[in-house]
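J.:
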Amino acid sequence: MSETTQGALQIKNLRKMFGTFCAVDDISLDIQKGEFLTLLGPSGSGKTTLLMMIAGFLDISAGDIALDGTSISNTPPEKRNFGMVFQGYALFPHMSVRDNIGYALSVRKTPKADINKRVDEMLDLVQLQDFADRKPGQLSGGQQQRVALARALCFAPPVLLLDEPLGALDKKLRVEVQEQLKDIHKRVGTTFIYVTHDQEEALSMSDRVVIMRDGAVEQVGTPKELYERPQSEFAASFLGKSNFLRTSDGTHALRPEKIDLAPTGTGKTTPRMSGTIRSVTYFGSMQRIMVDTQAAGELEVDIDSWRNPEPFVEGQAVDLMWEDHAVVRLERTES
Amino acid sequence: MNILWLSVSDPEPGLGNYANLFESEALPRIIWTTVRICIITTLLSVSLGYCLAYAMVHAYRKEQNMMLTFLLVSFWISILVRTFSWLMLLGRKGLVNEWLDAIGIISEPIAFMRNELGVLIGMVHYMVPYAVLPLLVNMQTLDQRVMSASRNLGATGAQTFFRIYLPMTKPGIVASVLLVFILSLGFYVTPAVLGGGKVLMVAEYISVQLLITLKWGIAAMLAALMLFGVLVMLWVMNRFMKLSTVFGGATS
Chain L
9 MSETTQGALQ IKNLRKMFGT FCAVDDISLD IQKGEFLTLL GPSGSGKTTL LMMIAGFLDI
69 SAGDIALDGT SISNTPPEKR NFGMVFQGYA LFPHMSVRDN IGYALSVRKT PKADINKRVD
129 EMLDLVQLQD FADRKPGQLS GGQQQRVALA RALCFAPPVL LLDEPLGALD KKLRVEVQEQ
189 LKDIHKRVGT TFIYVTHDQE EALSMSDRVV IMRDGAVEQV GTPKELYERP QSEFAASFLG
249 KSNFLRTSDG THALRPEKID LAPTGTGKTT PRMSGTIRSV TYFGSMQRIM VDTQAAGELE
309 VDIDSWRNPE PFVEGQAVDL MWEDHAVVRL ERTES
Chain S
45 MNILWLSVSD PEPGLGNYAN LFESEALPRI IWTTVRICII TTLLSVSLGY CLAYAMVHAY
105 RKEQNMMLTF LLVSFWISIL VRTFSWLMLL GRKGLVNEWL DAIGIISEPI AFMRNELGVL
165 IGMVHYMVPY AVLPLLVNMQ TLDQRVMSAS RNLGATGAQT FFRIYLPMTK PGIVASVLLV
225 FILSLGFYVT PAVLGGGKVL MVAEYISVQL LITLKWGIAA MLAALMLFGV LVMLWVMNRF
285 MKLSTVFGGA TS
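Protein sequences appear in the order of chains L and S. Numbering follows the numbering used here, in which position 65 of the first sequence is assigned residue number 73; successive positions increment by one, without gaps. Numbering follows the numbering used here, in which position 49 of the second sequence is assigned residue number 93; successive positions increment by one, without gaps.
1. With H, G and I counted as helix, E and B as strand and the rest as coil, what does DSSP make of residue 17 (chain S)?
2. Report the residues of the stretch 178-210 of chain S with a CB closer than 8 Å to any CB of chain L, ordered along the chain.
3. Secondary structure at residue 243 (chain S), three-state DSSP: helix, strand or coil?
4. Please report whether the beta-carbon of residue 111 (chain L) lies at a distance below 8 Å from any beta-carbon of chain S.
5. Leaving out the 5 sequence neighbours to the left and right, which residues in its chain are closer than 8 Å to residue 147 (chain S) when beta-carbon positions are compared?
6. Specify, as a first and last residue, the run of the beta strand (DSSP E) that residue 297 (chain L) falls within.
7. Ignoring anything shorter than 4 residues, give me the alpha helix (DSSP H) runs that lie fully in the stretch 157-198 of chain L, in order along the chain.
8. Anyone know if the C-beta pair for residue 271 (chain L) and residue 329 (chain L) falls short of 8 Å?
9. What is the DSSP secondary structure of residue 154 (chain S), counted as helix, strand or coil?
10. Residues of chain S with CB closer than 8 Å to the CB of residue 96 (chain L), please, in chain order.
11. With 8 Å as the threshold, decide whether the Cβ of residue 193 (chain L) is near any Cβ in chain S.
12. Taking residue 311 (chain L) as part of the beta strand (DSSP E), name the residues at either end of that continuous run.
13. Would you decide whether residue 221 (chain L) is buried or exposed? Buried here means 16 or more other CB atoms lie within 10 Å of its CB.
14. Is residue 75 (chain L) helix, strand or coil by DSSP?
15. Return the CA-CA distance between residue 108 (chain S) and residue 174 (chain S), expressed in angstroms with no decimal places.
16. Look at residue 260 (chain S) and residue 269 (chain S) and say whether their C-beta atoms are less than 8 Å apart.
17. Label residue 165 (chain S) either buried or exposed according to how many other C-beta atoms from any shown protein chain fall within 10 Å of its C-beta, with 16 as the threshold for buried.
18. Below 8 Å CB to CB, which residues in the same chain sit around residue 321 (chain L) once its five sequence neighbours on both sides are set aside?
19. Determine the direct distance from the alpha carbon of residue 208 (chain S) to that of residue 194 (chain S), and round the result to whole angstroms.
20. Rounded to whole angstroms, what's the CA-CA distance from residue 155 (chain L) to residue 145 (chain L)? Just pull it up for me.
21. So, is residue 292 (chain L) buried or exposed, given that buried needs 16 or more other C-beta atoms within 10 angstroms?
22. For residue 50 (chain L), count neighbouring Cβ atoms within 10 angstroms of its own Cβ and tell me buried if that reaches 16, exposed if not.
23. Please determine if the stretch 54-64 of chain L and the stretch 99-106 of chain L are in contact, where contact requires at least 3 C-beta pairs separated by less than 8 Å.
24. When you compare the CB of residue 212 (chain S) with every CB in chain L, is at least one pair closer than 8 Å?
25. When the Cα atoms are used, what is the spatial distance from residue 16 (chain L) to residue 138 (chain L)?
26. Please look up how many angstroms separate the CB atoms of residue 163 (chain S) and residue 81 (chain S), rounded, as I've assumed it's under 8 Å.
27. What is the residue span of the alpha helix (DSSP H) that residue 177 (chain S) lies within?
28. Listed from N- to C-terminal order along the chain, which residues in the stretch 321-341 of chain L have their beta-carbon within a distance smaller than 9 Å of any beta-carbon of chain S?
29. In terms of residues, what are the limits of the alpha helix (DSSP H) holding residue 203 (chain S)?
30. Assign residue 34 (chain L) to one of three DSSP states: helix, strand, or coil.
31. Report yes or no: is there a C-beta of chain S within less than 8 Å of the C-beta of residue 115 (chain L)?
32. Hey, is the stretch 90-98 of chain S in contact with the stretch 240-254 of chain S, meaning 3+ C-beta pairs nearer than 8 Å?
33. What are the start and end residues of the beta strand (DSSP E) that includes residue 251 (chain L)?
34. Whose Cβ in chain S lies nearer than 9 Å to the Cβ of residue 90 (chain L)?
35. Would you kindly check if the distance between the Cβ of residue 152 (chain L) and the Cβ of residue 99 (chain L) is under 8 Å?
36. Quick one: which chain S residues come within Cβ less than 9 Å of residue 159 (chain L)?
This is how it looks when you write it as structure tokens:
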């Protein structure tokens, strides 16, 4: 079910200056209709600034934003018809859940019966039928989050902007809500632009991820592309963990889980390096082992717990092995 | 308690003082004048205060601090000084009348003083800073993202103000109304000076009874009446909304 025919967003050479500080630096992105795009970056990377410019709350200093080919750079936020889920939800505390969700239609002077019908649909979508008459203050964090989502989707916007919508939820609930969000995205077919600093959220939900750093785009791609083929040390270490091997032909990324470990001389393949174990941390399903090597300094190795019934111990001499394709040469190296 | 006792025992035991409320001609008039002036003062002060507080919250940091300083300075100036300043300004030969005359808007001086208008001007002027403070605190704690959300959902500025901002500042408005109204009830100096004895309010009447005619029973009765009036008002307000939210408790 797709509720709108619009939703392709073109961002061209966008820039935002705060005084002399450049918060967003020459960003260009082509966002497809119905895409789930995540802006991922540490705080201060400009991802929220970019989102606020798309929403229209911040003026743009240079460049252009267009919806389906029409520039919206000078359209005020209330005329852009973009849904938005705010950090902290920003629900209207004095209104019932029903009035919160129906607000966008009510300010558009939609007939009351139509609003009620649509709000009921939205309550079904987010499974809050029994809470329609409550006030936001009487709901749990997860329920408030769903009200915010329903409120933002009620007027069938072509684009939905989400600003760290799961930030206030505890970890277990967050995974659950991620599933719901993905499901709702599939059902409404709206373009989702999702801001987060949580790499797991970015990997598990997005069609494409934009890694941002210091106001600029570091790398864009599907979660798999980014994880398997990072182009820079920053991309490799921000999305997942990575070891870096520095050789004469550049820097290479090597994911911890792609290294195999065996006591010296017992490995099934030719060892690439050897070293001694500095520490072992047990995480249940896997254990994180730090190995001191002569060739590359300290390396992190993640080993599935079940594969090594014989536990590794600190000070043990080990061989390190990996496949050729596990090592990715970075296109850009840090200066 | 002393006052309550006094109000039923002086000059003779019984409810004679309270009966006065209905029998005397002057008392109901004075009470009505007081209530009327207090209501008008409250309405004007809170409306003006709301505009001021709104402007302050939305001003830049530097201007905001300057405005707050001016507001606080006005608290330090004695009410007597401020009332007599109005005397200078509003008199028949005061600055305002002179100017209006000079630019030719009026030919006869307007009677700003020795009537209710004068009392109102003086009281509103004194009360506005009190009205601003609770509103300011309330507005400063509002989450601006809620207003952004309203605009994002397609509401115009006016729709956002009347449907979101105003309801969310209701606790501030109620606190402000209560504060100004209760303070106005006890107002004494301004009505005495700017009313010129022609606008008699309860507080002034009490002092006359106490100090000049020495009818302490009547004075105590009126004081008790005002106390009850305020308590009843708080009780009624409490029924309409939880006062705890007005006085800074958690909103949920």
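We put the CB at the ideal spot given by N, CA and C, even for glycine.
T.: If we stick to the structure as given:
1. Only positions 45 to 296 of chain S appear in this structure, which leaves residue 17 (chain S) out of reach.
2. Listed in sequence order: 187, 189, 190, 192, 193, 194, 195, 196, 197, 198, 199, 200, 203, 207, 208.
3. coil
4. yes
5. Apart from sequence neighbours up to five positions away, no residue of its chain approaches residue 147 (chain S) with a beta-carbon distance below 8 Å.
6. 294-301
7. Listed in chain order, the complete alpha helix (DSSP H) runs (minimum 4 residues) inside the stretch 157-198 of chain L are 179-196.
8. no
9. The three-state secondary structure of residue 154 (chain S), taken from DSSP, is coil.
10. 187, 189
11. no
12. 305-312
13. Its Cβ being crowded by 16 or more others within 10 Å, residue 221 (chain L) is buried.
14. strand
15. 17 Å
16. no
17. buried
18. For residue 321 (chain L), the CB contacts under 8 Å within the same chain, skipping 5 residues up- and downstream, are 285, 288 in chain order.
19. 8 Å
20. 12 Å
21. exposed
22. exposed
23. no
24. Under the Cβ criterion of 8 Å, residue 212 (chain S) is counted among the residues facing chain L.
25. 35 Å
26. 6 Å
27. Taken as a continuous stretch (DSSP letters only), the alpha helix (DSSP H) holding residue 177 (chain S) covers 160-184.
28. none
29. From DSSP, the alpha helix (DSSP H) with residue 203 (chain S) extends over 201-204.
30. strand
31. yes
32. No contact exists between the stretch 90-98 of chain S and the stretch 240-254 of chain S.
33. 251-255
34. 196
35. yes
36. 193, 197
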